[in-house]
Structure formats: structure tokens, C-alpha cells
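Residue numbers (the working numbering): 1338 to 1442.
Glycine residues also receive a C-beta, built at the ideal position from the N, C-alpha and C atoms.
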Amino acid sequence: MYAVLVTGGKQYRVAQGETLRIEKLDAEVGTEITFDSILMLGDADGIKIGEAVKGATVTAKVVEQGRADKVRIIKFRRRKHHMKRQGHRQYYTQIEITGVAGGNK
């Protein structure tokens, strides 16, 4: 069974046992999280679609809190002796999906 969940303004297709990096959540490592905003559920019988599928939940365990690799930004103007350099490291939360529970049709 798989699900499409919404967190941090992004949509993720998940199944039990997968690990993925999502936008930073305020949770300690090792805690259990439940996601209620599920857009779609799918299995061998078919799919359930809704703005938020009623009764559907995805549970996950927080594996790691960290920062992604540095993204380097360089802006320059030609022939003007002007250059700006900047770096950015985005915070993330790595989770492991422990369960996908279905809702009613």
C-alpha cells in the first residue's frame, strides 16, 4: 500500500519501510509522527482520492535532523568588477515510514 502525503508545502509518495528527507519538523530523533493530510491511497484493489482522504494516516519515525549540502550562489555583472558569492544549507528531517493506514471510501 502506498500514499501521497503533504508536508512542508510539498507532496511525497510513500510506502512502508521507505526513508525520505522532508522539510524540517520540530521533533526529536526517535519520536513517532502521524501525518493526517493524505491526498491519495493506493493498493492492489485500486486507489482512493480526495482532498484529504478521511481516516487515512501515515505514521513515521524521525531518524535524523540535519542540514543538506551547501548550494553556492554566484551573481555577477559583466565588465563592472562586481561579484557576490553566497551559500545556503537547508535544514531537513529524515523520516522512516512505519505504517500506512487506509481510510473509508
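Between the beta-carbon of Val1343 and that of Leu1378 there is about 13 Å, and that puts the pair past the 8 Å contact cut. C-alpha of Glu1388 to C-alpha of Ile1410: approximately 37 Å in a straight line. The three-state reading of DSSP puts Val1390 in coil, since its state is none of H, G, I, E or B.
For Gln1423, the beta-bridge partners assigned by DSSP are Ile1410.
Secondary structure of Gly1379 (DSSP, three-state): strand.
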